[in-house]
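Quick note on numbering: the sequence shown equals residues 1 to 412 in UniProt numbering. Worksheet for the structure shown next.
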Amino acid sequence: MTLRVVFLDHTTSHGGAQLALARLLAAGAGWDATVVVPRGPLGAYAGLGGQVVRQTGPPHRPGAIGGAALAQARNAGAVLRQVAALVAEREVRGADVLYANSARSAVYTALTASVLRVPFVVHLRDAVTPEALGRWGFAAMTRLVLPRAAGVVANSRHTLGVAAAAAPLPALRAVVPSPVGDMFDPPPPPPRARVERVGMVARIAPWKGQVLLLDAFARAFPGGDVTLHLAGAPLFGEEDYLARLRERARELGVADRLALHGHVEDVRGFVDSLDIAVHCATAPEPLGQNVLQYLARGRAIVAADEGGPAELVRDGDTGLLVAPRDPAALAVALRRLAADGDLRQALARRAAAAPVPHADELATSTEEFLSRVRAARRAPHARTEPPAPPPRRAARGPRPGDRPGPGSARRS
1 MTLRVVFLDH TTSHGGAQLA LARLLAAGAG WDATVVVPRG PLGAYAGLGG QVVRQTGPPH
61 RPGAIGGAAL AQARNAGAVL RQVAALVAER EVRGADVLYA NSARSAVYTA LTASVLRVPF
121 VVHLRDAVTP EALGRWGFAA MTRLVLPRAA GVVANSRHTL GVAAAAAPLP ALRAVVPSPV
181 GDMFDPPPPP PRARVERVGM VARIAPWKGQ VLLLDAFARA FPGGDVTLHL AGAPLFGEED
241 YLARLRERAR ELGVADRLAL HGHVEDVRGF VDSLDIAVHC ATAPEPLGQN VLQYLARGRA
301 IVAADEGGPA ELVRDGDTGL LVAPRDPAAL AVALRRLAAD GDLRQALARR AAAAPVPHAD
361 ELATSTEEFL SRVRAARRAP HARTEPPAPP PRRAARGPRP GDRPGPGSAR RS
């Protein structure tokens, strides 16, 4: 019997969660899948076609999940209207499983599932903390969503551990990283003999750390012809941060060596152009999809030593891990790679050999997990004491060379 899954998202912007779901659906699986989004431009889902995408309900304001009380009151009305619109949709009423692709969509997915008596799964792409979700969003996730979910998918062991420490989780859980897109063919180009381009792929947002990278770059390369390249755009009302980034580059005297590329369609080509690829988020990154992209293209990587990236990079083997939120430590790593071509080429070679899952593998893993959710729909949820989150350093969990299939679903 074909599995009927309705994926729900609160936005169609070209954010990481939206691009990941679009890639998963484009890869295909044995399910009958529909993605339902609010009315408006199709954005990240435009390539899926009208047979897969349905639009219903009002658009959602940026930042509403973590906003103040007045914003939450407005958002509550939008959530209730979205629930009413979803309950009226034939595809939603006929679903075997509802699948919330974002923290905000998880709120109205939980309510819709309760009305229709359909099991729902929430995909955790953000840390379940007040800092990441805001006070109201954290309360909704821990009191409404997670206690009622039939299953949880997390993008890393780190994300799953943080969620388990915050709220009771259902028995069915899986770790499924985001697909990296068209990053595997052709083979990556060999590293250049000298460093010319340092860069990062990330949405332009304060916590992604572009200003921190800019400060480290100015320390590591105060002169010369090495350039810094940033791919990404401000998506959620963060244009002021982009202006701050430009101003900081002028203050540091490196504005003429900073290139802001905005949203980049050809991510593979951009990553291939880099001699050093950087991740330096200023908060623990749940996954670090850019790190997976860097690995897939065999780049020399420098990443913050916490969160998902610490699961993906082997320090000194497939990249260098540095203390988070420390521009001086990041500058030391950049200078080290610029000075040591042998090390840089060895890191790039071993990064290219690290296992990075393809979208079709992840789609198969997700379908298998959702089939288990459907089969267990009448089973009571496990309510046990949540396990403690994994230690930050001592036992970071498996990484791409020593764990079974990175997209495999597992029962905890």
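Quick reminder that beta carbons are idealized off the backbone N, C-alpha and C, glycines included. These figures come from a predicted structure and were not determined experimentally.
Residue i to residue j span [Cα, whole Å]
| i | j | result |
| --- | --- | --- |
| residue 422 | LEU343 | Residue numbering for the chain in the displayed model covers 1 to 412; residue 422 lies beyond these limits and cannot be assessed. |
| ARG54 | LEU24 | 17 Å |
| ALA351 | PHE217 | 22 Å |
| ARG197 | ASP266 | 17 Å |
| GLY223 | ALA255 | 12 Å |
| PRO390 | LEU160 | Low per-residue confidence applies at PRO390: pLDDT is 42, beneath 50, and the placement is therefore not dependable, though the value from the model is reported in the following sentence. Cα-Cα distance, rounded: 9 Å. |
| ASP317 | ARG194 | 20 Å |
| VAL35 | LEU124 | 17 Å |
| PRO386 | ARG157 | Unreliable positioning characterises PRO386 in this predicted model, as indicated by a pLDDT of 40, which lies under 50. The coordinate reading is nonetheless provided below. Those two C-alpha atoms are separated by around 14 Å. |
| ARG4 | ALA44 | 22 Å |
Per-residue DSSP class, three states only, for residue i
| i | result |
| --- | --- |
| ALA333 | helix |
| ALA231 | strand |
| THR34 | strand |
| HIS158 | helix |
| ALA395 | Per-residue confidence for ALA395 stands at a pLDDT of 37, beneath the threshold of 50, marking its modelled position as unreliable; no derived number is given. |
| THR11 | coil |
| GLN55 | strand |
| ARG194 | coil |
| ASP360 | helix |
| LEU42 | coil |
| HIS381 | With a pLDDT of 46 at HIS381, under the threshold of 50, the modelled position of this residue cannot be trusted; read the value that follows with caution. Of the three classes helix, strand and coil, the one that applies to HIS381 here is coil, per DSSP. |
| MET183 | coil |
| GLY262 | strand |
| LEU321 | strand |
| LEU287 | coil |
| PHE221 | coil |
| ALA100 | strand |
Exposed unless 16 or more other CB atoms sit within 10 angstroms - verdict on residue i
| i | result |
| --- | --- |
| GLY16 | buried |
| SER114 | exposed |
| ARG173 | buried |
| GLY151 | buried |
| GLN293 | buried |
| GLN51 | exposed |
| THR12 | buried |
| LEU80 | exposed |
| GLY237 | exposed |
Closest by C-alpha distance to residue i, when choosing among the options
| i | options | result |
| --- | --- | --- |
| LEU98 | ALA85, ARG104 and THR112 | THR112 |
| SER328 | ASP240, LEU212, ALA339 and PRO234 | One point to set straight first is that residue 328 is Ala, not Ser, in the sequence displayed. Of the candidates ASP240, LEU212, ALA339 and PRO234, the one whose C-alpha sits nearest the C-alpha of ALA328 is LEU212. |
| ARG250 | ALA339, LEU214, GLY43 and VAL175 | LEU214 |
| ALA310 | GLY288, THR142, ALA139 and ASN75 | GLY288 |
| ASN101 | THR109, ALA95 and GLY94 | THR109 |
| ASP225 | GLY253, GLY77, GLY47 and GLY134 | GLY253 |
| VAL37 | GLY47, GLN82 and LEU3 | GLN82 |
Below-8 Å beta-carbon distance, residue i vs any chain B residue
| i | result |
| --- | --- |
| PRO206 | Among the chains in the structure shown there is no chain B, since it carries only a single protein chain. |
Nearest-angstrom Cβ-Cβ length linking residue i and residue j, presumed shorter than 8 Å
| i | j | result |
| --- | --- | --- |
| ARG39 | GLY28 | The Cβ separation is near 26 Å, so there is no contact. |
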